Amino acid sequence: MSKKSANALITSISKVEKALETSDFDVVIEETTSGLNELHGIHLQLLSARITAYEQNNKLSQAYNDAIIMTKLFPNSALGYIHLGNILMKRRKSKEAYAKCNEALNEELVAPSDPHYQALVNLRQDIAYQRQKKSRVDFIKLFPKEVISLIFEQLSMGDNMTCLDVSKTWRQALLNCPGALRSCLLGPFKAEQDLRAGYENIRLVCDYIWELHIFSLEPDEESLNVVSELLDEVKFRQLREFSLYISSIEEKQILDILENSRDSLEELYFTFSSTNVRFEDIITTCKNIKKLTYDVLAPLGYRSKTPLPPQLTHLKIYAQDVRQDEVQKILENAPNLQEITIGYCDAIVLHTFYKYGGKNLYHIDLNPDRFMPGDVMIRTSSNCFRKSKALSKGHSSKMIGVYFCEDVTAELLLPLLVKHQNTTKAITVSVTQEGNDGIRSWRAFANYSSPHIQYMKLGFTQETEYIFASLIRKCSVLEAIEFHETSPTSPTFNALRSLSKEGRGLRCFIIANDEQGPKPRIVDGDLRSFFEYYASLGETSTLEEVGLRYFPGIQAATLRILSKINSLKTVDLAGELIENVEVMDSAVRLLTAASSSLPLLEHICFEGIPITDDGIELLDCKNIKLISLDDITMAGVEMLIENSKMLKTLEVSECQEVEYETLCSLTKNNDITLIYAG
């Protein structure tokens, strides 16, 4: 009952009393009429409030009786029919509920001017829909679980999944099938329809979702707002994995997610996220966490003796200037850690790892490239080309990586390498000291040897090259090596050739610069001699992968040698390796698995190299990737597809003269998978 109605009734009564005293009967008639109208409305409101209270207390019989009285006393009010319809639906009498609503509307008992008229119309529609849904035959109930699993494998959260629009019991049965929807990605969204469908599905299956990923919502304010509303409404209670990537979600919403899934959550990734959730909030809430990436702009702030979850084995921290004492406390409080990555720390923490690192710790990576995270980005990438097996193995296995850590010296690194001698299979290191300082800092490294090192990423100076050449010779099982912003010469190439004689032989060779960084020129003669050696081995050659990225000064004759290495499976070329377009065309035309000299070739990647249609039209292998090739046209790609006999996957990105519609039709007609990115 509104205060306004009550006040109006009191006012009318007061005026009536005064009018009777003065025998002003016109006022009496006017005010009593007004008061009775107000009393009529108050009666309606009081009845409605009591019905609502009965419903909330689950006293449906009393609520039903009042609703019947209400429709009889106030037959022209929609409110009574709305109450009656809802009560009958709760009693599962949908036919009677529909009849009552229909009677009020069809017989025009309720006028469209009634404030609750549209609500009554909506209720009738909802009842009709529920009756129709109940009468449908849900064929998915008839399928065996194996068939249901196949159906679910083809669906995503953005689809219109009417198969979930069934009773709660059947929905539970469906979602317990193998292949059921367990993973949810929020953003970025292609269209408003995709967004709405996805959220409706999430509400249906939130209790069954194991993985929740909130991805790249920062520039999309509308999606960010809708996701925020969803997180306020939906509770995820069974999450095993949660990731937040390039998104700002309110602290309370994140803490609610962690709290609701505190017993089930095993993997948590905050990557490039703007969040105020503290590190200690996470480790005290998520007691069963196994893998944690905490990537924030603020300091870590880990100063207490709070133990880390005992199941925690993988930890990545990117924060402002992680201090040595914080690393020490982490190592002391997490005895079961196996892999740890620390961003933005000083080289002195190597001593901390040596002194406090547990016996289970086998992967240590300091100051890695923050812009190539290994958590969410890989999961959302459309890249069909598998990474180098050697590189993947090196980066994800037993490794000590200090490549991007400045002021590392042999004195700091060697004790840690010796401590983990039997488990370390990969090392990454770069010399940052110049001239004689570099020699003094790294001379002791020449004596280090390991029978287990399989992967290296090195950056050295001209003065220290002989030290690392000695290291290569003493790691006889080395299979993959990457040089970054470094120009290896004959001492290094001679050391690599020795691996074929003493070990299993080199499988992966990469020289890479950053596209925008310094680009030291390669000594072409030394590189050509190195490739000629593997070409001369014929079928006994071990070299499978070659990557030359953003290194100027390579001659065409050197690239032609690649087409003669029998064992080659992957070729990755990037940047203006050769300035002359015609020369580059002639150098790479021979890279085809159709050639008898390259029977194993499976992957070709060209990025930003000076090449025209003449260079690509004869390329042939299972997977070809063309990126930022300004001089190729649609005609050249058509010839490539027409001439190819082995191509299964073609990826084209940022090639301006290649038209998507034409390319899509060509690849579809030739049964080729297309990945296109503009």
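According to the UniProt record's numbering, the sequence shown is numbered sequentially starting from 1.
Virtual Cβ for every residue (Gly too), placed ideally from N, Cα, C.
On a predicted model such as this, the values are computed, not experimentally measured, just so you know.
Do you know how far the Cα of ILE641 is from the Cα of ALA635?
Cα to Cα, the separation comes out at about 10 angstroms.
Would you list the residues sitting across from residue 686 in a DSSP beta bridge?
Given that the chain is displayed from residue 1 to residue 678, the structure contains no residue 686 and the question cannot be resolved.
Taking 7 angstroms as the limit between beta carbons, can you name the residues of its chain near PHE270, skipping five residues before and five after?
Only LEU244, THR293, TYR294, ASP295 and VAL296 meet the Cβ criterion.
Using CA coordinates, which residue listed in ARG131, ASN566, MET456 and GLY435 is at the minimum distance from VAL402?
It is MET456.
Could you tell me how far apart the beta carbons of THR313 and LEU337 are, in whole angstroms, since I believe they sit closer than 8 angstroms?
6 angstroms between Cβ atoms; contact.
Between the Cα of ASN367 and the Cα atoms of LYS355, GLU654, LEU361 and ALA319, which residue gives the shortest distance?
Cα-wise, what sits closest to ASN367 is ALA319.
With C-beta atoms as the reference, is MET639 less than 7 angstroms away from CYS621?
Contact flag unset, no.
Bridge partners of VAL652, per DSSP?
Answer is LEU626 and TYR676.
For LYS291, name the three-state secondary structure that DSSP assigns.
Strand, per DSSP.
Compare the C-alpha of ALA594 against each of SER644, ASN494 and ILE209 and name the closest.
When each option's Cα is compared against that of ALA594, the closest is SER644.
Measuring only the C-alpha atoms, how far is PRO518 from GLU485?
Distance between the alpha carbons of PRO518 and GLU485: 7 angstroms.
Have a look at LEU663 and LEU458 and give me their C-alpha separation to the nearest angstrom.
Going by the C-alpha atoms only, they are around 40 angstroms apart.
Report the three-state DSSP secondary structure of ASP613 (helix, strand or coil).
Of the three classes helix, strand and coil, the one that applies to ASP613 here is helix, per DSSP.
Whole angstroms is fine: what's the gap from LYS235's alpha carbon to GLU259's?
Answer to the nearest angstrom: the Cα atoms are 10 angstroms apart.
Please report the straight-line C-alpha distance between ALA53 and LEU47, rounded to a whole angstrom.
C-alpha separation (whole angstroms): 10 angstroms.
Name the one or two DSSP bridge partners that THR464 has.
Answer is none; THR464 lacks a bridge partner.
Could you have a look at CYS184 and say whether DSSP puts it in helix, strand or coil?
Note: CYS184 maps to strand in three-state DSSP.
By DSSP, does CYS345 sit in helix, in strand, or in coil?
It is coil, neither helix nor strand.
For HIS452, report the span of its beta strand (DSSP E) as first-last.
Run containing HIS452: none; DSSP gives neither H nor E here.
Report the three-state DSSP secondary structure of LEU537 (helix, strand or coil).
Coil at LEU537, not helix or strand.
Could you check the C-alpha separation between ASP614 and GLU241 for me, to the nearest Å?
Roughly 48 angstroms between the two C-alpha positions.
Kindly indicate which residue of VAL581, GLU267 and SER567 has the alpha-carbon position closest to the one of SER596.
Among VAL581, GLU267 and SER567, the Cα nearest to that of SER596 belongs to SER567.
Alpha carbons only, please: which of SER264, ALA574, LYS287 and PRO115 is nearest the one belonging to ASP207?
The option with the nearest alpha carbon to ASP207 is SER264.
Taking the continuous beta strand (DSSP E) assigned at PHE270, which residues delimit it?
Element bounds for PHE270: 267 to 271.
Rounded to whole angstroms, what's the CA-CA distance from PHE460 to GLU654? Just pull it up for me.
If I take the Cα positions, the gap works out to 34 angstroms.
Note down the Cα distance separating THR667 from LEU650, rounded to an integer number of angstroms.
Distance between the alpha carbons of THR667 and LEU650: 8 angstroms.
Give the single residue among ILE481, GLU411 and GLY438 whose Cα lies nearest to the Cα of VAL448.
According to the sequence provided, residue 448 is Tyr. The question's Val does not apply to it. It is GLU411.
Going along the chain, which unbroken runs of the alpha helix (DSSP H) with 4 or more residues stay wholly within the region 200 to 243?
As far as the region 200 to 243 is concerned, its whole alpha helix (DSSP H) runs of at least 4 residues are 221 to 233.
What would DSSP say about LEU315, mapped onto helix, strand or coil?
Strand, per DSSP.
Between which residues of its own chain and LEU414 is the CB-CB distance below 8 angstroms, once the five residues before and five after are set aside?
The residues are ALA444, PHE445 and TYR448.
Going by the DSSP bridge assignment, what does CYS605 pair with across the sheet?
In DSSP, CYS605 forms a bridge with ASP572 and LYS625.
Which same chain residues end up closer than 6 angstroms to LYS316 when comparing Cβ atoms and leaving out the 5 residues on each side of it in sequence?
Answer for LYS316: THR293 and THR341, listed in chain order.
Do PHE483 and ILE511 have their C-beta atoms within less than 7 angstroms of each other?
In contact: PHE483 and ILE511 (Cβ atoms closer than 7 angstroms).
If you compare alpha carbons, which of PHE215, LEU230, VAL477 and CYS508 is closest to LYS425?
Comparing Cα-Cα distances from LYS425 to each of PHE215, LEU230, VAL477 and CYS508, the minimum goes to VAL477.
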